[in-house]
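Asks: Supplied in structure tokens, the structure appears directly below.
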Amino acid sequence: MKPMDLVRKLRRDAAFEPSALARGKETLMATIRQEVETQRRPSIVPQLPYQDIRAALDFLERAFGFREVPNARLVSAEGVIGHSLVEFGGGVIGIGTQGAHRAVSPMRGGVESQYISVYIDDIDAHYQRALAAGAQIATALREHASGRTHRAYEALDPEGHRWRFVQLMGEVPRP
Amino acid sequence: MSSPSDAEVIGRSLDQPEAFGVIYDRHAATVLRFLGRRAGAEVAEGLVGELFRIAFERRKTFDTSRATALPWLYGIGSNLLLKHRRGEARRLRANARMAAADEAADRRAGAKALDARVLFPRVANAIEALPDGEREALLLFAWEDLSYQSVAEALELPIGTVRSRLNRARAQLRELLEPGGEKRVKRR
């Protein structure tokens, strides 16, 4: 027998789990999604500290319509979320642990050191959604004539971070 | 219209990463079988996603003058398999035993079956004893039915080097078929 034929005699196929290909594809697609998310990430990402990140992520989605960035969550072996990212439109905000990087949740520190403006298209619907989710309204929804005409309201999330939601007027046709 | 070539798909995936999923759909089954033959089902199942993840991350370096990505994927797989040499050697020895048993079960083989029980483990040992580069060229050629050109693309070697590696591997295997051949091979 020729050497190559002998080598071929030792060739044996393995028996695979039917799900093997699907699992491999999931590994690849997770990598691809991560790259897509990274490409989309803005150059400046504010980081907000929370005592309860899980509750914060849930609230920000329910009340404000933010979306947690896929695969962004960092979870410890004990199942505690240490950090994640939420996105809305073209913006991304880090949701981190109270005390880490010396950042303090207003719930702990008693002060809000900043507020974050979020530009949205339909402020009436957004306001109703936030109300229904139990957001604390800090300043009521109203029109402002200073500078460019806009409608805005401010809400506090469960830990006291202040969010200002703004709809610029004139861009969209008024009814 | 015919479907786009691998090179076109990979080119498009530079701007649209999701497009790379097509490369998986086209070649993952082939690549999984390749990894399985070499390292067994469990290792192969763990490696196939990793292999395509690496390919995706290196897609900028794919030579788009090549129509098919398969040799390139084989090459990435060959590198990954280097970390699983012991499992591969175990599997090769088991394959040799099975090949010998197959011959024994074939009644027409008769006296040859006894030879097979000696011969196939020798073949396995000889493959094992080859330097990594020669073994890789040999197995891509003999088990995966790659052409010399494809083996050259997979291992990123000139085709002449592939030819000489395969010739050396052949010569070494031929030696062990001679009486007392195994001892000579082992002494190297």
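Just so you know, the sequences run in chain order A and B.
For the first sequence, the working numbering begins at 5 and goes up steadily by one.
For the second sequence, the working numbering begins at 29 and goes up steadily by one.
Backbone N, C-alpha and C define an ideal beta-carbon position, used for all residues, glycine too.
#1: Relative to chain A, which residues along the region 39–52 of chain B have a C-beta separation below 8 Å, given in chain order?
#2: Does any residue of chain A have a CB that is nearer than 8 Å to the CB of B/Val-76?
#3: Could one say the Cβ of B/Arg-61 lies closer than 8 Å to chain A's Cβ atoms, at least one of them?
#4: Considering only C-alpha positions, which residue in the set A/Ala-81, A/Val-84, A/Ala-159 and A/Ile-97 is nearest to A/Val-73?
#5: Hey, does B/Phe-148 have any beta-carbon neighbour from chain A nearer than 8 Å?
#6: Which chain A residues sit within Cβ distance under 9 Å of B/Ile-155?
#7: Could you give the distance in angstroms between the alpha-carbon of B/Ala-122 and the alpha-carbon of A/Ser-23?
#8: Which value, in whole angstroms, describes the spacing of the CA atoms of B/Thr-189 and A/Ala-76?
#9: Are the region 51–67 of chain B and the region 154–172 of chain A touching by the rule of at least three beta carbon pairs closer than 8 Å?
#10: Are the Cβ atoms of B/Ile-38 and B/Leu-79 separated by less than 8 Å?
#11: Nearest to B/Arg-125 by alpha carbon, out of B/Arg-113, B/Ala-152 and B/Thr-89?
#12: Give a yes or no on whether 8 Å exceeds the smallest Cβ distance from B/Gly-161 to chain A.
#13: Answer yes or no: the CB of B/Leu-63 versus the heavy atoms of the ligand MG, is any distance below 7 Å?
#14: Can you find at least 3 beta carbon pairs, one from the region 79–93 of chain A and one from the region 50–68 of chain A, that sit closer than 8 Å?
#15: Comparing alpha-carbon positions, which option in B/Ala-129, B/Arg-198, B/Ile-187 and B/Trp-100 lies nearest B/His-55?
#16: Cβ of A/Arg-27 within 8 Å of Cβ of B/Gly-64?
#17: So, helix, strand or coil for B/Pro-99, using DSSP?
#18: B/Trp-171 CB to nearest chain A CB: under 8 Å?
#19: Could you check if B/Gln-200 is buried or exposed, using at least 16 other CB atoms within 10 Å of its CB as the buried criterion?
Replies: In terms of the structure at hand:
#1: Pro-45, Glu-46, Phe-48, Gly-49 and Tyr-52
#2: By the rule that beta-carbons nearer than 8 Å mark a contact, B/Val-76 touches chain A.
#3: Taking 8 Å as the threshold, the shortest C-beta distance from B/Arg-61 to chain A falls below it.
#4: A/Ile-97
#5: yes
#6: Val-11 and Leu-14
#7: The alpha-carbon separation between B/Ala-122 and A/Ser-23 amounts to approximately 25 Å.
#8: 46 Å
#9: In short, these stretches do not touch, since the Cβ pair count stays below three.
#10: no
#11: B/Ala-152
#12: Under the Cβ criterion of 8 Å, B/Gly-161 is not counted among the residues facing chain A.
#13: No copy of the ligand MG appears in this structure; indeed no ligand is present at all.
#14: yes
#15: B/Trp-100
#16: no
#17: helix
#18: yes
#19: Looking at its Cβ environment, which holds 16 or more other Cβ atoms inside 10 Å, B/Gln-200 is buried.
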